[in-house]
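When you line the sequence shown up against my numbering, it's residues 533 to 633, in that order. Note that beta-carbon positions come from the ideal geometry of N, C-alpha and C, so glycine has one too. Input: a single structure, listed below in structure tokens.
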Amino acid sequence: QKWWKKVFYKIFMLAVVNAWIIFTQRQRRKISLIQFILPLAESMIAEGIKHKKLTTRQCGGRPAKRSRTERLNIGDHLPIEQPSGRRCVLCTSQNKETRTK
533 QKWWKKVFYK
543 IFMLAVVNAW
553 IIFTQRQRRK
563 ISLIQFILPL
573 AESMIAEGIK
583 HKKLTTRQCG
593 GRPAKRSRTE
603 RLNIGDHLPI
613 EQPSGRRCVL
623 CTSQNKETRT
633 K
């Protein structure tokens, strides 16, 4: 994990705890931190999903002839043996089967 993710998480949790403290002082009722975090997390997830649906865009170009699942579900996906290396320009012009590594 990158260091900046840990720093972001710590700062984010600090902001959540501060919001919880302010909420409990203003509402004058006892609510645990977990009970405060769960609806907050659910609403953030819902907002993220809503935003993702709005920003999803289709790429331009010609539409595919077959559906995505149909295109990706072909055979056993086993590797096939192919000649290794590339053909040399000189050897290709002389009709030799020499290949580079």
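Provide the residue span of the alpha helix (DSSP H) that contains residue i, from first to last.
i: R553; result: The question names Arg, but residue 553 in the sequence shown is Ile. 535-559 is the span of the alpha helix (DSSP H), which, as asked, contains I553.
Going by alpha carbons, who is nearest to residue i out of the options?
i: I553; options: L565, I543, K542, F544; result: L565
i: N550; options: G593, A596, A578, I569; result: I569
i: V548; options: L572, I563, P595, I577; result: L572
Taking 6 Å as the cut-off, does the CB of residue i come closer than this to any heavy atom belonging to the ligand ATP?
i: S599; result: The ligand ATP is not among the ligands present in this structure, which contains no ligands whatsoever.
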